[in-house]
Amino acid sequence: MKEIIGVIGAGTMGAGIAQVAAQAGHKVVLSDTNPEQLLRAEQQIKKSIDKLVEKGKFSAESGQEILQNLQFSTQLSEHSQASLVIEAIVENLGIKHQVFQQLEQVVGPTCVLASNTSSLSIASIGACLQDASRFMGIHFFNPATLMPLVEVIPGVATSDENTQRIEQLITSWYKTVVVCKDTPGFIVNRVARPFYGEALRIYEEGLADFATIDWAMTTIGGFKMGPFTLMDYIGNDINYTVTETVFAAFYYDPRFKPSFTQKRHMEAGFLGRKSGRGFYDYKEDSTAPAPTEDHNLGRQIFERILVLLINEAADAVFMQVASPEAVDLAMTKGVNYPKGLLAWADELGAVWVLERLETLFAEYGEDRYRPNPLLRRKAREQSKFIL
Ligand SMILES: NC(=O)c1ccc[n+]([C@@H]2O[C@H](COP(=O)([O-])OP(=O)(O)OC[C@H]3O[C@@H](n4cnc5c(N)ncnc54)[C@H](O)[C@@H]3O)[C@@H](O)[C@H]2O)c1
139 MKEIIGVIGA
149 GTMGAGIAQV
159 AAQAGHKVVL
169 SDTNPEQLLR
179 AEQQIKKSID
189 KLVEKGKFSA
199 ESGQEILQNL
209 QFSTQLSEHS
219 QASLVIEAIV
229 ENLGIKHQVF
239 QQLEQVVGPT
249 CVLASNTSSL
259 SIASIGACLQ
269 DASRFMGIHF
279 FNPATLMPLV
289 EVIPGVATSD
299 ENTQRIEQLI
309 TSWYKTVVVC
319 KDTPGFIVNR
329 VARPFYGEAL
339 RIYEEGLADF
349 ATIDWAMTTI
359 GGFKMGPFTL
369 MDYIGNDINY
379 TVTETVFAAF
389 YYDPRFKPSF
399 TQKRHMEAGF
409 LGRKSGRGFY
419 DYKEDSTAPA
429 PTEDHNLGRQ
439 IFERILVLLI
449 NEAADAVFMQ
459 VASPEAVDLA
469 MTKGVNYPKG
479 LLAWADELGA
489 VWVLERLETL
499 FAEYGEDRYR
509 PNPLLRRKAR
519 EQSKFIL
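Just so you know, we're using this note's numbering here: the sequence shown kicks off at 139 and counts up by one.
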């Protein structure tokens, strides 16, 4: 059924989310307090739709219809008829509260309200509402038009009925939906931490340089991008901030400890591709450093990062953040991992994974390597995560 969807914030995420909803056939109102930003979003969406028409994804008439279904406004009151409003404004709790309190006065009683927040808790945003049972997280990935995954996050106050309704609705937008608990980093931003953190740690210990670690993860591991290439792509400022936020939100659990190397790169302005230099140099005349293609070393690097990723995936299941299937879907569809981490663990065997973690834990004596109890159980029972 076609609905009226509201999106607040016409920045990177909001413009993409509005386009996704319009492409699914809904009428969409995209609002922003900044009229220039609205204009930029309108131009960006038009350009993107034109390209899709050119590529034959839609007919010219459908493209036209999608654009006609999009309305741009500086007024929050324009969301009065919406059945769902997704907020994608600046990541600031106070400002989000102001917007949601005003919005609640504008919309009808059955309208679902949602935030695209990456790092604030759903409970803390929803607490400002009179009816928090209609509030949840709907977390798209950047770019929202291309990334298939959406995490739907009910808060403690959210009704099951509303969660199910939104799960169905977003699935009908040609997205892969995973439902997860309101815990820091949700699924992807939590489970993916060791991909960056352990790669940085391996570098800091002097075991290998950036290029060799990236080579190991792509060539031996089958990942599309190595950790350092990916951090440069995401931006060291953004990636570091996510790590720091998740670390603090987990009451400083050492598993999520940020890295000085990344912090120093950020402080030096080595942000990645966008600043011309990150872990690698992106200036035109620069040449990419060659990796040391030592297979034994590469295997050691890949296995160390992989077992930590599997341990984190097991923890998300152990702590009931999401089902094993949802965790695997999230990592393959949200960050393009070549395999679901838990399916990977099943393939290698929980005993194999546990042995490697126990070796690391014994060697370092650090909590970041402590094996998860669910992994221990799977190893003991010789059973699988994915049934
Ligand atoms: N950028 C990402 O990769 C990404 C990914 C997933 C989730 N998120 C989350 O999505 C949200 C938006 O992030 P973004 O990167 O699109 O931000 P952005 O800075 O690109 O855009 C934010 C927009 O909100 C507008 N805005 C600010 N205050 C407003 C208000 N009171 N009312 C209406 N509009 C207002 C700004 O004018 C701006 O256009 C954040 O909560 C962020 O955590 C971001």
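C-beta atoms are modelled at their ideal positions from N, C-alpha and C, and glycine is treated no differently.
- Here the distance from the Cβ of Met404 to the nearest heavy atom of ligand 1 is not below 8 Å.
- Within 8 Å of the C-beta of Thr171 there is at least one heavy atom belonging to ligand 1.
- A straight-line Cα-Cα distance of about 24 Å links Ser200 and Asn280.
- One Cα belongs to Thr350, the other to Gln161, and the distance between them is close to 42 Å.
- Three or more Cβ pairs closer than 8 Å define a contact, and the segment 471-483 meets that threshold against the segment 278-292.
- Taking all protein chains shown into account, Phe398 has fewer than 16 neighbouring C-beta atoms within 10 Å of its C-beta and is therefore exposed.
- With distances taken between CA atoms, Lys140 lies nearest to Asn207 out of Val459, Phe278, Asn207, Asp170.
- Assigned with DSSP and collapsed to three states, Phe417 falls in coil, not helix or strand.
- For Asp320, same chain residues with a beta-carbon under 8 Å away, outside a window of 5 residues either side, are Ser259, Ile260, Ala261, Gly275, Ile291, Pro292, Gly293, Val294 in chain order.
- Within the segment 260-317, the beta strand (DSSP E) runs of at least 3 residues that lie entirely inside it are, in chain order, 273-278, 287-292, 314-317.
- Excluding five sequence positions before and after Ala330, the CB atoms of its chain that fall closer than 6 Å to its own CB belong to Val473, given in chain order.
- Taking C-beta atoms under 8 Å as the contact rule, Met404 and Asn374 qualify, at a distance of about 5 Å.
- With a cut-off of 8 Å, the C-beta of Asn280 is classified as near ligand 1, since at least one heavy atom of the ligand falls inside that distance.
- Runs of alpha helix (DSSP H) with 4 or more residues, each lying fully within the segment 406-493, are found at 433-456, 462-472, 479-486, listed in chain order.
- No heavy atom of ligand 1 is found nearer than 8 Å to the CB of Ser197.
- Contact between Ile155 and Val145 holds: their C-beta atoms lie close to 5 Å from each other, under 8 Å.
- Burial is judged here by how many other beta carbons sit within 10 angstroms of a residue's own beta carbon; Pro365 has at least 16 and is buried.
- Remark: the shortest separation between the CB of Leu214 and any heavy atom of ligand 1 falls under 8 Å.
- In the three-state reduction of the DSSP assignment, Ile146 falls in the strand class, which pools E and B.
- Ranked by Cα distance from Trp353, the options Thr367, Glu342, Glu343 are led by Thr367.
- Taking C-beta atoms as the reference points, Ile340 and Ile443 count as a pair closer than 9 Å.
- At least one heavy atom of ligand 1 lies closer than 8 Å to the C-beta of His277.
- Taking the Cβ atoms as the reference, Ala481 lies roughly 6 Å from Asp466, within the contact range of under 8 Å.
- Secondary structure of Ile340 (DSSP, three-state): helix.
- Distance from the CA of Gln458 to the CA of Asp170, rounded to the nearest whole angstrom, comes to 36 Å.
- Buried is the label assigned to Ile372, since at least 16 other Cβ atoms lie within 10 Å of its Cβ.
- Here Phe385 is near Lys395, since their CB atoms are less than 9 Å apart.
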